[in-house]
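Position in the sequence shown (first residue = 1) + 20 = this note's numbering.
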Amino acid sequence: MSDLVTDELIELQKSSDAEHQRLSGLDGDERQAQWERWRVAAERAQAAVTEHAASAGLSRFEVERAVKKAVRHPEDPAAA
């Protein structure tokens, strides 16, 4: 794992993505409540990316991109 990505950032992004996926098929109050859970999870992930980038002197954009790539397009372990 590079300096751009930490286990904590990956877990926060996974949580945010999972909450977003749970929106599918919901409507009304159920959808609103799930949307709020997703918003909170996404805010946590974004805040952690911002904090990590600032404390490490890295580009926030690059950190966010690396985290999302690690979560959404993980490398094939057989290829490594």
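Beta carbons: idealized from backbone N, C-alpha and C, even for Gly.
Item, Value
"Flag D37 as yes when its Cβ comes closer than 8 Å to any non-hydrogen atom of the ligand MG, and as no otherwise.", "For the ligand MG, the structure offers nothing, since it holds no ligand at all."
"Does the contact criterion of 3 or more C-beta pairs under 8 Å hold for the stretch 45–55 versus the stretch 73–90?", "no"
"Use the C-beta contact count for Q33: other C-beta atoms within 10 angstroms, 16 or more gives buried, fewer gives exposed.", "buried"
"With a 10 Å radius around its C-beta and 16 neighbouring C-beta atoms as the bar for buried, classify S79 as buried or exposed.", "exposed"
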